[in-house]
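Structure first, then comments.
Number of protein chains: 2
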Amino acid sequence: AILEAIQSALAPSEGEGRRREWPSPSLGTNARLTGKHIIVTAGPTHEAIDPVRVIANRSSGKQGYAIAEALTALGARVTLISGPTSLATPSGAQRIDVQTAAQMEHAVDQALPADAAILVAAVADWRVETAPSKLKKSAGPPDLNWMPNPDILALLGARADRPRLLVGFAAETDNVVAEAQAKRVRKGCDWIVANDVSGDVMGGDTNEIHLVTQDGVEHWDAASKADVARRLAGRIADALA
Amino acid sequence: AILEAIQSALAPSEGEGRRREWPSPSLGTNARLTGKHIIVTAGPTHEAIDPVRVIANRSSGKQGYAIAEALTALGARVTLISGPTSLATPSGAQRIDVQTAAQMEHAVDQALPADAAILVAAVADWRVETAPSKLKKSAGPPDLNWMPNPDILALLGARADRPRLLVGFAAETDNVVAEAQAKRVRKGCDWIVANDVSGDVMGGDTNEIHLVTQDGVEHWDAASKADVARRLAGRIADALA
Chain H
1 AILEAIQSAL APSEGEGRRR EWPSPSLGTN ARLTGKHIIV TAGPTHEAID PVRVIANRSS
61 GKQGYAIAEA LTALGARVTL ISGPTSLATP SGAQRIDVQT AAQMEHAVDQ ALPADAAILV
121 AAVADWRVET APSKLKKSAG PPDLNWMPNP DILALLGARA DRPRLLVGFA AETDNVVAEA
181 QAKRVRKGCD WIVANDVSGD VMGGDTNEIH LVTQDGVEHW DAASKADVAR RLAGRIADAL
241 A
Chain L
1 AILEAIQSAL APSEGEGRRR EWPSPSLGTN ARLTGKHIIV TAGPTHEAID PVRVIANRSS
61 GKQGYAIAEA LTALGARVTL ISGPTSLATP SGAQRIDVQT AAQMEHAVDQ ALPADAAILV
121 AAVADWRVET APSKLKKSAG PPDLNWMPNP DILALLGARA DRPRLLVGFA AETDNVVAEA
181 QAKRVRKGCD WIVANDVSGD VMGGDTNEIH LVTQDGVEHW DAASKADVAR RLAGRIADAL
241 A
């Protein structure tokens, strides 16, 4: 532990949250993603109603952070673009914090080019006009003026400099696989990782997913988010090999 | 940094997430709250629009968790009623997780009687009727049907078995002190801890507060949330002595 601590202290600091939970003793042989740049988005977006209230998604960010960590462990250079979470930055990842979908879209744009983009963040479809001061309760319920947010996955899918592998996530409550298959085509992405969120997935530590590709659908049994991340990172390495 | 890392590595490990930042070497002499039961609420509430979308507040929960930790360090038995956060449970506190304002109100009710209640959580004033399935983006912006939430602070302030010391928090962007003074009287509580959230307080690690009591207003200079918590815990101990 002391030796690890010294190594950790000697390692380049990556800014706030810099735990190095994934020492990489096998990087020499397993660094299958060395030289690859991968964008990962994670967490929710927060669309402000006023300075204290937001519209958000339930995403804890855990699955996206685990994927960033697993990709880094395989040697990838990872840009982690994160909505608000309280999670520690995965060791080795460069983290860019954003609040809104528009900020996330801008950050993704700035992070290009990339060999792959894994869009795990739960991005709000809609934002609202933001009140400059805190709305008073006595004024009654907020009167929201909705506007559509940029569709980051579809925008990336349509770009000329599109990452070679583009992976979207889909949280669904009904017709999970069919919705994911339609989404894969509609967004112009390669894979959709779909999960059924009618249960208690969000914020939890396990995940049960369907991997939808052009070749069909794989059902992955429930596993820890870290295990799902490692398995997916392996598949990403296969695809970019 | 190396020396710190070695010291850190030699310190007793508490497992992931459970850091004991507040060792209590002086509990013998400083346990001024031994035998007292204190309820602390913290974090945001999440009011579901549908299974994935919520209306929430920006609260990270850090200030409330720090207060729970500081009270525990003084020997109090703390019930921490928390909205969704990714924070580790403060050592020694009993934590009850909730999502909504209604659930938080129920949990507070169940936790009574208490010598003090410190309501730090950023509770949504309004909830909306929840759609049972994920709303489709193609269906257009959500059509929200708003309903008022229980006012936990005011309900506690009006109860016969009201905690002896009742402390509310107020995040304001305008007329911070005047709003807090009016809120103190309106809610029937003893103190209001008010802060100006027009800057970047929420999610950050420092806080600058105004303590509004029946005796007047104290301005506390900006300090870490841990320091604000320790100072407030000391004042709570004075009040319950």
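Taken in order, these protein sequences are the chains called H and L.
For what it's worth, this note's numbering labels the leading residue of the first sequence as 1, then goes sequentially.
For what it's worth, this note's numbering labels the leading residue of the second sequence as 1, then goes sequentially.
Glycine included, every Cβ here is placed at the ideal spot set by N, Cα and C.
Treat the numbers as computed from the prediction; the structure is a model and nothing was measured.
Simplified DSSP state of residue i, which is helix, strand or coil
i	result
Leu232(L)	helix
Trp22(L)	Note that Trp22(L) scores 35 on pLDDT, short of 50, meaning its location in the model is unreliable; the coordinates nonetheless yield the value given after this. Of the three classes helix, strand and coil, the one that applies to Trp22(L) here is coil, per DSSP.
Ile152(H)	helix
Gly140(L)	coil
Gln214(L)	coil
Gln103(L)	helix
Asn207(H)	strand
Ala48(L)	strand
Leu240(L)	helix
Asp97(H)	strand
Asp221(H)	strand
Ala158(H)	coil
Lys72(L)	Per the sequence presented here, residue 72(L) reads as Thr, with Lys not at that position. Thr72(L): helix per DSSP, three-state reduction.
Ala182(H)	helix
Ala56(H)	strand
CB-CB length for residue i against residue j, believed under 8 Å
i	j	result
Ser133(H)	Asp174(L)	5 Å
Val72(H)	Ser91(H)	The identity of residue 72(H) in the sequence shown is Thr, whereas the question assumes Val. Right, the Cβ-Cβ distance comes to about 7 Å (below 8 Å), so this counts as a contact.
Ala111(L)	Val98(L)	Wrong, their Cβ atoms sit about 11 Å apart, outside the cutoff.
Thr41(H)	Val120(H)	6 Å
Lys183(H)	Ala170(H)	5 Å
Lys36(L)	Ala76(L)	5 Å
Span separating the alpha-carbon of residue i from that of residue j
i	j	result
Ala226(H)	Ile67(H)	7 Å
Ile236(L)	Leu165(L)	8 Å
Thr83(L)	Thr130(L)	Sequence check: residue 83(L) is Gly here, not Thr. If I take the Cα positions, the gap works out to 18 Å.
Ile49(L)	Arg32(L)	44 Å
Ile96(L)	Asn195(H)	27 Å
Asp220(H)	Arg230(H)	Here the sequence assigns Trp to residue 220(H), which means Asp is not the residue at that position. Looking at the two C-alpha atoms, the distance is approximately 13 Å.
Ala56(L)	Ala88(L)	20 Å
Ala117(H)	Asp109(H)	11 Å
Gly234(H)	Arg162(H)	21 Å
Val176(L)	Trp126(L)	22 Å
Trp146(L)	Gly140(H)	9 Å
Thr206(L)	Ala158(L)	32 Å
Leu74(L)	Pro51(L)	40 Å
Ser86(H)	Pro150(H)	25 Å
Leu240(H)	Thr34(H)	11 Å
Val128(H)	Asn30(L)	49 Å
Met104(H)	Leu144(L)	26 Å
Gln251(L)	Val197(L)	With chain L running from 1 to 241 in the structure shown, residue 251(L) is simply not present.
His210(H)	Gly216(L)	59 Å
Ala222(H)	Gln214(L)	55 Å
Ala70(H)	Tyr65(L)	30 Å
Near the ligand ATP: residue i beta-carbon under 7 Å from a heavy atom
i	result
His219(H)	Inclusion of the ligand ATP in the displayed structure is not the case, the ligand content being empty and no account of it being possible.
Paired residues, beta bridge with residue i - DSSP
i	result
Val197(H)	Per DSSP, none; premise fails for Val197(H).
Gly168(H)	Leu119(H), Ile192(H)
Arg32(L)	According to DSSP, which records beta bridges pairwise, Arg32(L) is partnered with nothing at all.
Leu80(H)	Val40(H), Arg95(H)
Self-check item: chain H contacts from the region 40–71 of chain L (Cβ-Cβ distance under 9 Å)
Solution: Pro44, His46, Ala48, Ile49, Asp50, Pro51, Val52, Arg53, Val54, Ile55, Ala56, Asn57, Arg58, Ser59, Ser60, Gly61, Lys62
Practice problem: Could you please tell me which residues of the region 105–134 of chain H, in chain order, have their CB closer than 9 Å to any CB of chain L? | Solution: Under the 9 Å Cβ criterion, the region 105–134 of chain H contributes Ala122, Ala124, Asp125, Trp126, Val128, Pro132, Ser133, Lys134.
Quiz prompt | Interfacial residues, the region 223–235 of chain L to chain H, with Cβ spacing under 9 Å | solution = none
Quiz item: Of all the residues that make up the region 83–94 of chain H, which are near chain L by a beta-carbon distance shorter than 9 Å?
Solution: Pro84, Thr85, Ser86, Leu87
Quiz prompt | chain H contacts made by the region 158–180 of chain L, where a contact means CB separation under 8 Å | solution = Ala171, Glu172, Thr173, Asp174
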